[in-house]
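Numbering (our numbering), first residue to last: 661 to 782.
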């Protein structure tokens with residue numbers, strides 16, 4: 661009986677001294693979230709601003725899904741330049757699949773449409 665109790669105490673001590681190492685090599689790394697900026701037009705340019713960085717994409721003959729990545733709340737600033745008279749749809753979807761904006765508007769050639777969207781992480 662003393663052998664069983666001693667063995668049990670030894671097992672409990674050895675199990676309590678085990679620690680699990682973190683699976684992350686760097687705990688300061690933040691996991692980024694992905695949102696979608698979809699622009700539907702026949703011929704237009706899209707300029708957008710995320711976290712102090714500017715990007716430019718040309719869209720022709722249909723639509724273009726533009727992924728954007730973020731780790732905290734921010735404002736997505738877009739500028740769509742129409743190269744012809746056309747209808748332009750701007751659809752913004754956050755990382756949870758929620759539609760932030762879905763705007764369809766008629767634009768004339770050379771018209772610039774500026775929009776700003778609040779993107780939330782919660």
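The C-beta atom is built at its ideal place from N, Cα and C for all residues, glycine as well.
Note that the structure is a prediction, hence the values are computed from the model and not measured.
Per DSSP, reduced to three states, the secondary structure at residue 664 is helical.
Taking all protein chains shown into account, residue 736 has 16 or more neighbouring C-beta atoms within 10 Å of its C-beta and is therefore buried. Proximity of the stretch 695-702 to the stretch 742-753 meets the contact definition, three or more beta-carbon pairs being nearer than 8 Å.
Distance from the CA of residue 760 to the CA of residue 772, rounded to the nearest whole angstrom, comes to 21 Å. When the beta-carbon positions are compared, residue 695 and residue 728 come within less than 9 Å of each other. With a cutoff of 9 Å on beta-carbon distance, residue 748 and residue 767 are scored as near each other. In the structure shown, residue 772 adopts extended strand secondary structure according to DSSP, grouped into three states.
When secondary structure is reduced to three states using DSSP, residue 691 falls in the coil class, being assigned neither helix nor strand. Note on geometry: alpha-carbon atoms of residue 758 and residue 725 lie some 15 Å from one another.
Residue 706 holds the alpha-carbon nearest to the alpha-carbon of residue 775 among 691, 673 and 706.
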